[in-house]
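The opening residue of the sequence shown carries number 995 in our numbering; numbering runs sequentially from there.
Note that beta-carbon positions come from the ideal geometry of N, C-alpha and C, so glycine has one too.
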Amino acid sequence: MEAVARAAHAGQTDKAGRPYAEHLRAVAEGVRRRGGDDEQIAAAWLHDAVEDDALSEDWLREAPLSRRTKDIVLALTKRPGEPPEAYAARILATPGAPLVKEADLAHNADPARLAVLDGPTRTRLTEKYARMRALLGQADGNARTGRTGQSGQSGQSGRTDRPD
């Protein structure tokens, strides 16, 4: 999935001007470190692809991926105008998605990444990520992984206001 995700996001950069694939790699690695399985790691590579129009929902539907991986990617795809509460509820209702979102939030909220942004943007994003963590029950550093007997450690995305 890494090659597909890198190709889909080729030329895309984060707000700091870094290649977007660096964020995808960091999220996939964060999922791995938190005990995620291969389906969650694949979803981590693709977690922003549909939302960012890098890949279509039709592509995802036809892709040779497990149903669980597809479900996680769709759960993590924020819909235009969607309230954060509805987005969080969908993530929590999808087995495996909370862990991937946790890794995404952890990288998005990395102080080193946020430090390159202007003050108001940094403050707004810090608050946004903290709110999403709270909605997901991750404010205390524990994620619901969707895997029996596992928990993760700490961890939103909206195309126009994330540093990734």
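Smallest Cα separation from residue i: which of the options?
i     : options                       : result
D1046 : W1053, A1087 and T1071        : T1071
A959  : I1066, D1032 and G1075        : Lying outside 995 to 1158, the shown extent of the chain, residue 959 is not represented and no answer is given.
R1107 : V998, R1000, E1016 and A1001  : E1016
A1128 : T1088, Y1081, G1090 and A1109 : Y1081
L1049 : E1079, H1003 and R1084        : H1003
E1096 : M1126, K1009, E1051 and W1053 : M1126
A1010 : Y1123, Q1132 and A1109        : A1109
A1103 : A1091, G1090 and T1117        : T1117
A1087 : R1061, L1130 and D1098        : L1130
A1038 : A1083, M995, R1084 and L1111  : M995
D1031 : R1062, A1083 and P1074        : R1062
Just to confirm, does residue i get its C-beta within under 7 Å of one of the non-hydrogen atoms of the ligand FAD?
i     : result
A1037 : Annotation note on the ligand FAD: not contained in the displayed structure, which lists no ligands.
Just the Cα atoms here: how many angstroms apart are residue i and residue j?
i     : j     : result
R1000 : P1114 : 30 Å
P1077 : K1064 : 22 Å
R1055 : K1122 : 30 Å
V998  : E1079 : 30 Å
A1060 : L1040 : Going by the sequence as given, residue 1060 is Ser instead of Ala. Answer to the nearest angstrom: the Cα atoms are 13 Å apart.
E1023 : L1068 : 20 Å
P1058 : E1051 : 13 Å
A1100 : L1111 : 17 Å
L1119 : P1105 : 11 Å
R1084 : P1074 : 14 Å
D1008 : A1124 : 20 Å
L1018 : A1036 : 10 Å
Y1014 : G1029 : 24 Å
G1234 : R1012 : Only positions 995 to 1158 of the chain appear in this structure, which leaves residue 1234 out of reach.
R1027 : W1053 : 28 Å
According to the Cβ coordinates, are residue i and residue j closer than 8 Å?
i     : j     : result
V1021 : L1093 : no
G1090 : Q1034 : yes
Using DSSP bridges, identify the partner residues of residue i.
i     : result
T1007 : P1013
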